[in-house]
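All remarks here apply to the structure that follows.
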Amino acid sequence: WLTLRTSLGRNNDTNQGYLFSELINTFRFNDWLAFNISPKYIFSGVESFSALGVSSYINLINNLMFIPEINASFISESDPNFSLALRYSFHQGKSFDLYYSNAAGTQDIGQVFEDKNHRFGINLNFLY
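Here is the structure:
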């Protein structure tokens with residue numbers, strides 16, 4: 255299946271705006287494995303660039319999934335970043351992720367940039 259995710263934002267300090275778009279292409283191979291290829295594009299008045307994300311969803315047991323991801327920006331001085339997550343689904347459309355990452359963030363522009371500090375965190379997911 256195919257998903258388009260877009261967000262708009264503005265930095266309050268510099269008043270600089272941005273547009274982030276990601277085209278998520280998901281291929282399900284069987285009941286326990288899916289693969290994503292996600293081209294990403296960032297546009298701002300200062301600079302525009304693109305990146306590519308690759309991830310997979312691996313069902314370990316009924317309610318537990320392992321999600322490795324790598325994102326590579328097409329900026330020459332940028333290094334790829336990675337995230338590893340365990341997703342536990344506790345109800346239909348409701349889950350939480352425990353993750354380890356060296357990305358600047360887990361959503362939008364943050365997933366494109368590497369951070370020198372590695373982080374652990376929790377994401378709560380609600381589908382409606």
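Residue numbering for the sequence shown follows our numbering, beginning at 255 and increasing consecutively. Glycine included, every Cβ here is placed at the ideal spot set by N, Cα and C.
For Ile329, name the three-state secondary structure that DSSP assigns. coil
Quick check on this structure: which residue in Ser332, Glu323, His345 has the alpha carbon closest to the alpha carbon of Thr360? Glu323
Limits of the unbroken beta strand (DSSP E) element including Asn356: 348 to 357
Whose C-beta lies closer than 6 angstroms to the C-beta of Arg282 among residues of the same chain, with five residues either side of it excluded? Ala288
Cutoff 6 angstroms; reference Tyr353; Cβ partners in own chain excluding five residues on either side: Ser337, Ala339, Gly375
Leaving out five residues on either side along the sequence, give the residues of the same chain with a beta carbon under 7 angstroms from the beta carbon of Tyr302. For clarity, residue 302 is Ser in the given sequence; the question names Tyr instead. So the qualifying residues of the chain are Ile296.
In the DSSP assignment, the beta strand (DSSP E) including Gly385 goes from what residue to what residue? There is no way to answer for residue 385, as the model of the chain reaches only from 255 to 382.
Assuming contact is defined by CB atoms lying nearer than 8 angstroms, are Ala326 and Ala357 in contact in what I supplied? no
For a test of the three-state rule: what should DSSP assign to Gly364, helix, strand or coil? helix
Go through its chain and collect everything with a Cβ distance to Asn377's Cβ below 8 angstroms, but skip five positions before and after it. Ala339, Phe350, Asp351, Tyr353, Thr360
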